[in-house]
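A.B. asks:
Protein chains in written order, with the working numbering: chain Y, 1 to 66; chain H, 1001 to 1400.
1) From Y:8, Y:45, Y:27, Y:50, pick the residue whose C-alpha is nearest to that of residue 1070 of chain H; which is it?
2) Can you give me the Cβ contacts of residue 1135 of chain H inside the same chain, cut-off strictly under 8 Å, excluding the 5 residues immediately before and after it?
3) Using the C-alpha atoms, what's the distance from residue 1209 of chain H back to residue 1156 of chain H?
4) Below 7 Å CB to CB, which residues in the same chain sit around residue 1046 of chain H once its five sequence neighbours on both sides are set aside?
5) So which residues of chain H does residue 36 of chain Y contact, with C-beta pairs closer than 7 Å?
6) Starting from residue 1174 of chain H, follow the alpha helix (DSSP H) in both directions and report where the run begins and ends.
7) Does the beta carbon of residue 1236 of chain H sit closer than 9 Å to a beta carbon anywhere in chain Y?
8) With a CB to CB cut of under 6 Å and the five nearest residues on each side skipped, what residues in its chain are close to residue 1051 of chain H?
9) Starting from the C-beta of residue 1257 of chain H, find all residues in its chain whose C-beta is less than 6 Å away, skip the five residues before and the five after it, and write them out in chain order.
10) Say the cut is 8 Å; is the CB of residue 1027 of chain H nearer than that to a heavy atom of the ligand ZN?
11) What does the Cβ neighbour count give for residue 1340 of chain H, buried or exposed, with the cut at 16 atoms within 10 Å?
12) Just tell me which of H:1292, H:1332, H:1297, H:1295 has its CA closest to the CA of residue 1311 of chain H.
13) In its own chain, which residues sit with a C-beta less than 7 Å from the C-beta of residue 13 of chain Y, not counting the 5 before and 5 after it?
14) Quick check: the Cα distance between residue 1236 of chain H and residue 1139 of chain H, rounded to an integer number of angstroms?
15) Which one or two residues does DSSP pair with residue 1168 of chain H in a beta bridge?
16) Whole angstroms is fine: what's the gap from residue 1389 of chain H's alpha carbon to residue 43 of chain Y's?
17) From the beta carbon of residue 1148 of chain H, is the nearest beta carbon of chain Y less than 9 Å away?
18) What are the start and end residues of the alpha helix (DSSP H) that includes residue 1160 of chain H?
19) Along chain H, in chain order, which residues have C-beta atoms closer than 7 Å to that of residue 51 of chain Y?
20) Considering only residues of the same chain and omitting the five flanking positions on each side of residue 1277 of chain H, which have a CB-CB separation below 6 Å?
21) Are any of the Cβ atoms in chain Y nearer than 9 Å to that of residue 1115 of chain H?
22) Just checking: is the beta-carbon of residue 1261 of chain H within a distance shorter than 9 Å of some beta-carbon in chain Y?
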């Protein structure tokens, strides 16, 4: 099924470049968002805390301000 | 081996996965797109050059979404700075592209662009490295650890000179800034990126640090936010020209999605000043690759124009000529067997070798930087787990 999708998309590259561009962009956005959310879900399941943390620039004693 | 339906070439899938992973780690760590790494790396593994840039741009869209999401969770993304800068960047890119067009008409675009790029990359690298060494010296003298530097004389000058309404406070970067200052920096970096014909992440991160006075990690996350949009623009335009191999982009994204997590998470465990050091090393490698590209272009000057004119005389279309360049054996056939020009073939071979040398160097550098980032990540996670255990043990003792 995935193979058919790519063959269909490759056909668009020749016949309808605009649709091909939209399909490419759409594929990447959907894949990017899905993978980002899945990765976040995995971290939550593994109870790995990757929330915000205290950054070094918030500690003024270790930062040079110019 | 996999069949690439758009280009029609057969290629193994694992190099694409590995390149994606490597550029994912490096890009997530630095906040850049990393086209300067991907394009030569793809070329080394036999991916057709005419599809390399577009395919890289396309996978970049997905990768930057993943990396930006993680940086945003860390609190590294200043959306307001990114959005305003994006407007400046796009207008700057358009103006820069016009200058590039003018240079192309004059026939001097290639060399001029490469010399500007070399000077810029070398200057950024030297400046960042000297700054890192200065900080280390200062640490030894004062006996106090320095984890980052915020602001420069330039950023102060820009903030003071362009301190015009509307100004706003950016809580992520902890600074008050004028809209005009951000637009100015966006236009300048966009203009340079437009002339150079690059995405500009390698220029924008230093610009955010040195011209805007943004902390290093915020510069990394904020630039990745911009890369999402510049990548999308590039992917769209290259797709319109049919220069994108979607299968390859998806495979690269699979590798990059894992790599980007590693690279981004590592920024939590290293200090801003360390990111600057590794960034400066990366710019030196990028500069070296441009130098090699310049050398190879001198070889290309010997055969390119007459060879293409000869092929056009034979009735070949520009698309067919591009297809010939994709296969070395086809180039040999037309140069030596059809045109009977062994000197063209000799120049082409030199061009090919210099290009390969550049690709191998960049690939080695990318692998080295990736290894360094992964080691830093491992050490950081191990340190965090150890500290957590110690805290738990102490808490248990107090309870007992």
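Each residue gets a CB set at the ideal place from its N, CA and C atoms; glycine is no exception.
C.D. replies: Per the coordinate set shown:
1) In the second chain, the residue the question calls residue 1070 of chain H occupies position 70. The residue with the shortest Cα to Cα distance from residue 1070 of chain H is Y:50.
2) Residue 1135 of chain H sits at position 135 when you count from the first residue of the second chain. So the list reads 1146, 1149, 1273, once near-sequence residues are dropped.
3) Working through the second chain from its first residue, we reach residue 1156 of chain H at position 156. Working through the second chain from its first residue, we reach residue 1209 of chain H at position 209. Those two C-alpha atoms are separated by around 12 Å.
4) In the second chain, counting from the first residue as 1, residue 1046 of chain H sits at position 46. Correct list, in chain order: 1011.
5) For the purposes of this step, residue 36 of chain Y is taken as the residue at position 36 of the first chain. Ordered by position in chain H, the residues that pass the 7 Å Cβ test against residue 36 of chain Y are 1065, 1066, 1069.
6) In the second chain, residue 1174 of chain H corresponds to position 174, counting from 1. Segment: none, residue 1174 of chain H is in no alpha helix (DSSP H) and carries neither H nor E.
7) Residue mapping note: residue 1236 of chain H aligns to position 236 of the second chain, counting from 1. Interface residue, yes.
8) Against the second chain, residue 1051 of chain H aligns to sequence position 51. For residue 1051 of chain H, where only same-chain residues beyond five positions count, the Cβ hits under 6 Å are 1007, 1243, 1245.
9) The residue labelled residue 1257 of chain H in the question sits at position 257 within the second chain. Here the set comprises 1066.
10) As for the ligand ZN, it is missing from this structure, which has no ligand bound.
11) Reading the second chain from its first residue, position 340 is the one you call residue 1340 of chain H. Exposed, since its Cβ has fewer than 16 Cβ neighbours within 10 Å.
12) Here residue 1311 of chain H refers to the residue found at position 311 when the second chain is read from its first residue. The option with the nearest alpha carbon to residue 1311 of chain H is H:1332.
13) Reading the first chain from its first residue, position 13 is the one you call residue 13 of chain Y. Same-chain partners within the cutoff: 20.
14) As a working note, residue 1236 of chain H is residue 236 in the second chain. As a working note, residue 1139 of chain H is residue 139 in the second chain. The straight-line gap from Cα to Cα measures roughly 48 Å.
15) Walking along the second chain from the start, residue 1168 of chain H turns up at place 168. In DSSP, residue 1168 of chain H forms a bridge with H:1177.
16) Walking along the second chain from the start, residue 1389 of chain H turns up at place 389. Walking along the first chain from the start, residue 43 of chain Y turns up at place 43. Residue 1389 of chain H and residue 43 of chain Y: Cα-Cα distance of roughly 19 Å.
17) Within the second chain, numbered from 1, the residue matching residue 1148 of chain H stands at position 148. Taking Cβ atoms only, chain Y reaches closer than 9 Å to residue 1148 of chain H, which makes this a yes.
18) Within the second chain, the letter at position 160 stands for residue 1160 of chain H. Residue 1160 of chain H -> alpha helix (DSSP H) spans 1153-1161.
19) Residue 51 of chain Y sits at position 51 when you count from the first residue of the first chain. In chain order: 1073.
20) Walking along the second chain from the start, residue 1277 of chain H turns up at place 277. Cβ within range, chain order: 1132.
21) Taking the first residue of the second chain as 1, we reach residue 1115 of chain H at position 115. No, no contact with chain Y.
22) Along the second chain, one-based indexing puts residue 1261 of chain H at 261. By this cut-off, residue 1261 of chain H is an interface position.
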